[in-house]
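Worksheet: the structure to be examined is printed underneath.
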Amino acid sequence: MSPEQEKREYVLNAIASYPTQAEAAIALGTSPRVVSQWNTNKATPRELAVRVIQLLDALKNAGVEIPPPLSFSGS
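The numbers in numbering that gives the first Met the number 0 rise by one with no breaks, and the one at position 2 of the sequence shown is 1.
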């Protein structure tokens with residue numbers, strides 16, 4: 000398996016650990032459209048996605064609860 004294939008499998012396995020693609024997208028800091036493109040092999044995950052997954056795993060393993068995304072309102 001090539002490094003690009005390994006990276007893709009690593010990211011897809013992480014995505015599969017979430018109940019929905021939308022939740023995976025939020026956790027990875029991307030859009031559901033990008034996650035869908037990764038799942039259908041229309042795009043290749045970048046190194047940043049791999050790093051985000053590594054950091055999320057490290058935090059979870061350390062017992063740190065991942066906070067929800069920030070919500071910015073125009074008020």
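In this text, a Cβ means the ideal position worked out from N, Cα and C, and glycines have one as well.
Buried or exposed: residue i, going by 16 or more other Cβ atoms within 10 Å of its Cβ?
| i | result |
| --- | --- |
| Arg50 | exposed |
| Ile52 | buried |
| Val34 | buried |
| Pro2 | exposed |
Go ahead and pull the three-state DSSP assignment for residue i.
| i | result |
| --- | --- |
| Tyr9 | helix |
| Pro2 | helix |
| Ile25 | helix |
| Glu64 | coil |
To which residues of the same chain is residue i closer than 6 Å at the C-beta, ignoring the five residues directly before and after it?
| i | result |
| --- | --- |
| Ala42 | Gln36 |
Between which residues of its own chain and residue i is the CB-CB distance below 7 Å, once the five residues before and five after are set aside?
| i | result |
| --- | --- |
| Pro121 | Residue 121 lies beyond the stretch modelled for the chain, which goes from 0 to 74, so this question has no answer here. |
**OP:** May I ask you to verify whether the segment 39-54 touches the segment 4-22, counting CB pairs closer than 8 Å and requiring at least 3?
**Re:** Contact between the segment 39-54 and the segment 4-22 is present, because at least three Cβ pairs lie under 8 Å.
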